[in-house]
Amino acid sequence: MKIYTKTGDAGTTSLVGGTRVSKADLRLEAYGTADELQAHISYLHDLIARDRCAETLAAECKELQTIVVDLMSVEAYLASDGKGRKMLPPFGSDRTAMLEDAIDRMSSLLPEVRYFTLTTGHPLFSYSHICRTVARRTERCAVRVAEREEVDEEVMRYINRLSDYLYVLGRYICLGVGAEETVWVP
């Protein structure tokens, strides 16, 4: 099978389900941003796995691998029309619950947040915040789609919780590598 189809040369593409839309459609912006997030999270995973803290953050590496797979499902949901959504397996609340459990586990080991955290202190910490900001942009794109069309509520919850997870993961990475968090005190 060839990688190129030439069907998008005129600026349109097909959603899962077959509807052709402009490549400037909000759905494409949303699932394209989710795809970008997936690539960033994959890179964060690989950076952690190669770092001296890989053993300390082994559970988080596994979580990041799971998140990458979950994001493929998120992308499929965002890329689906009404017909396509019926072809997808349910996106279960267990996915969001996994993120919440991880957030609670890591948070229980972290000092209380009293000030805004600056995104500096260690490259892994900073990169987790790049992932967090792309997750927030993914959420904004998905909200714009949801204002016009149906988007699975659990997918929306997952995207929202994912940015929380990435924030806490960054703080947890600081703890794991022995770096000090830098806070903003106005």
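Its first residue numbered 1157, the sequence shown is counted upward by one per residue in my numbering.
Note that the Cβ used here is the ideal one computed from N, Cα and C, for glycine as well.
Cβ distance (whole Å) where residue i is taken to contact residue j below 8 Å
i            : j            : result
residue 1302 : residue 1322 : Not confirmed; about 21 Å, so no contact.
residue 1227 : residue 1190 : 6 Å
residue 1179 : residue 1167 : 5 Å
residue 1254 : residue 1289 : The Cβ separation is near 22 Å, so there is no contact.
Cβ pair residue i, residue j closer than 8 Å
i            : j            : result
residue 1398 : residue 1235 : No information on residue 1398 is available, as it lies outside the stretch 1157 to 1342 that the chain covers here.
residue 1317 : residue 1252 : yes
residue 1280 : residue 1181 : no
residue 1311 : residue 1247 : yes
residue 1213 : residue 1332 : yes
Contacting residues, own chain, Cβ-Cβ under 7 Å from residue i (five flanking each side not counted)
i            : result
residue 1284 : 1200, 1322, 1325, 1326, 1329
Limits of the unbroken beta strand (DSSP E) element including residue i
i            : result
residue 1290 : Unbroken run through residue 1290 is the alpha helix (DSSP H), 1279-1302; no beta strand (DSSP E).
residue 1170 : 1168-1170
For residue i, three-class secondary structure by DSSP
i            : result
residue 1178 : strand
residue 1339 : strand
residue 1163 : coil
residue 1236 : strand
residue 1273 : strand
residue 1228 : helix
residue 1188 : helix
residue 1243 : helix
residue 1305 : coil
residue 1210 : coil
residue 1216 : helix
residue 1203 : helix
residue 1266 : coil
Residue interval of the alpha helix (DSSP H) (run including residue i)
i            : result
residue 1252 : 1249-1263
residue 1332 : 1309-1333
Close beta carbons around residue i, own chain, < 6 Å, minus the five adjacent residues each side
i            : result
residue 1313 : 1252
residue 1263 : 1324
Chain-order list of residues whose beta-carbon lies under 8 Å from that of residue i (same chain, five-residue window excluded)
i            : result
residue 1336 : 1277, 1330
residue 1243 : 1172, 1173, 1236
residue 1233 : 1241, 1244, 1247, 1307, 1308, 1311
residue 1338 : 1273, 1274, 1276, 1277
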